[in-house]
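Trainee: If you scroll down you'll find the structure; I have some questions about it.
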Amino acid sequence: MSTSNVAAPSVLAPSRTVVASAGVEGIALPEPGRPFDATAILAAMRDSRRPGGVPDELETDAVAAALAEAIWTIDGEPWTTMSTGGSCGPQTCTLEIAGAATGTHGEDLWVFEVVPDSGDVQVVSTDLRSLPDDLVGHLDELTRSLFHPGTIASLRLTNGRWLPPPDESRFVVSYRSGGEESSCGADITVDAVVPSVISDLSLDC
Numbered sequence: 016m017s018t019s020n021v022a023a024p025s026v027l028a029p030s031r032t033v034v035a036s037a038g039v040e041g042i043a044l045p046e047p048g049r050p051f052d053a054t055a056i057l058a059a060m061r062d063s064r065r066p067g068g069v070p071d072e073l074e075t076d077a078v079a080a081a082l083a084e085a086i087w088t089i090d091g092e093p094w095t096t097m098s099t100g101g102s103c104g105p106q107t108c109t110l111e112i113a114g115a116a117t118g119t120h121g122e123d124l125w126v127f128e129v130v131p132d133s134g135d136v137q138v139v140s141t142d143l144r145s146l147p148d149d150l151v152g153h154l155d156e157l158t159r160s161l162f163h164p165g166t167i168a169s170l171r172l173t174n175g176r177w178l179p180p181p182d183e184s185r186f187v188v189s190y191r192s193g194g195e196e197s198s199c200g201a202d203i204t205v206d207a208v209v210p211s212v213i214s215d216l217s218l219d220c
């Protein structure tokens, strides 16, 4: 993310780990799981409505099974909406699978690199924002409680995203001064079960 070239005080101190005070309680989280099977993933790839759809070489039982094994949701339940799309180069392909559950905040996005010849599937990145609205509110309360009063009081919550296993108790909670991605603010990684700040990203204001 680009920031201003003009030096200015940052919102937060440099990245660090902050242990919660004794009075801060953790959040009871749902049990994550891998809710999809190869049949569901294969059907989603074949039904893709994105321009170009999913390349034929990715629409195999082996690739679909590997994808199903890789995709987690925060509560172990399948999404109610799903979209897929991809493209291929000479040797590897990129595949995106996105979905959301009813009544959640945002959408989950998984990006994979696939080698069609071998069926090898690797997770490139995740952006998992299909979170219940009440959970996002609890994450905001927890994050604010882990800092000295006033540290992020002037910033507004913009979103939260979940980190998949093995970091399933961790979330990135994002704050901005004006609600826009380019506004000054912070993206703070917290552990919701053992209340602590794992790291924080300071942005210039």
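Quick note: the sequence shown uses this note's numbering, first residue 16, plus one each step.
Glycine included, C-beta positions come from ideal geometry on N, C-alpha and C.
The structure displayed is predicted, hence computed values, not measured ones.
Looking at C-alpha atoms only, which residue of T158, G100 and A115 is the closest neighbour of P210?
Mentor: Nearest C-alpha to P210: T158.
Trainee: Does the stretch 140 to 147 come within contact of the stretch 78 to 96, defined as at least 3 CB pairs closer than 8 Å?
Mentor: In short, these stretches touch, since the Cβ pair count reaches three.
Trainee: In three-state terms, what does DSSP make of T75?
Mentor: In the structure shown, T75 sits in coil (DSSP, three-state: anything other than H, G, I, E or B).
Trainee: Which ranges does the alpha helix (DSSP H) cover as unbroken runs of at least 4 residues, wholly within the stretch 76 to 107, from first to last along the chain?
Mentor: Counting whole runs of 4 or more residues, the stretch 76 to 107 contains the alpha helix (DSSP H) stretches 76 to 85.
Trainee: Is the beta carbon of T96 closer than 8 Å to that of I112?
Mentor: Cβ distance not < 8 Å, so I112 and T96 don't count as in contact.
Trainee: Is there a C-beta anywhere in chain C that falls below 8 Å from the one on L110?
Mentor: In summary, chain C is missing from the structure at hand, where a single protein chain is found.
Trainee: Does G114 come out as helix, strand or coil in the three-state DSSP assignment?
Mentor: Residue state, collapsed to three classes: strand.
Trainee: Please look up how many angstroms separate the CB atoms of E183 and P47, rounded, as I've assumed it's under 8 Å.
Mentor: Confirmed, about 5 Å.
Trainee: Classify R64 as buried or exposed, calling it buried when 16 or more other Cβ atoms lie within 10 Å of its own Cβ.
Mentor: With fewer than 16 other Cβ atoms within 10 Å, it is exposed.
Trainee: Enumerate in chain order the residues of its own chain whose CB-to-CB distance from L178 is below 8 Å, with the five nearest sequence positions on each side excluded.
Mentor: Cβ neighbours of L178 beyond the five flanking positions: T141, L143, R185, F186, V187 and T204.
Trainee: D76 and L57 - do their beta-carbons sit closer together than 8 Å?
Mentor: In contact: L57 and D76 (Cβ atoms closer than 8 Å).
Trainee: Give me whichever residues DSSP pairs with E183 in a beta bridge.
Mentor: Paired residue(s): none; E183 is not in a bridge.
Trainee: Taking L124 as the reference, give the member of P105, L82, G152 and D135 with the closest Cα.
Mentor: Ranking P105, L82, G152 and D135 by Cα distance to L124 puts L82 first.
Trainee: In the DSSP assignment, the alpha helix (DSSP H) including E156 goes from what residue to what residue?
Mentor: That run of the alpha helix (DSSP H) goes D148 to S160.
Trainee: Residues in its own chain within less than 8 Å of S133 by CB, not counting five upstream and five downstream?
Mentor: For S133, where only same-chain residues beyond five positions count, there are no Cβ hits under 8 Å.
Trainee: For R31 and D149, what's the separation of their Cα atoms in angstroms?
Mentor: Its pLDDT being 47, under 50, R31 is placed unreliably by the model, and the measurement read from it follows with that caveat. Spanning the two alpha carbons is a distance of roughly 27 Å.
Trainee: I need the DSSP call for L57, collapsed to helix, strand or coil.
Mentor: Three-state DSSP puts L57 in a helix.
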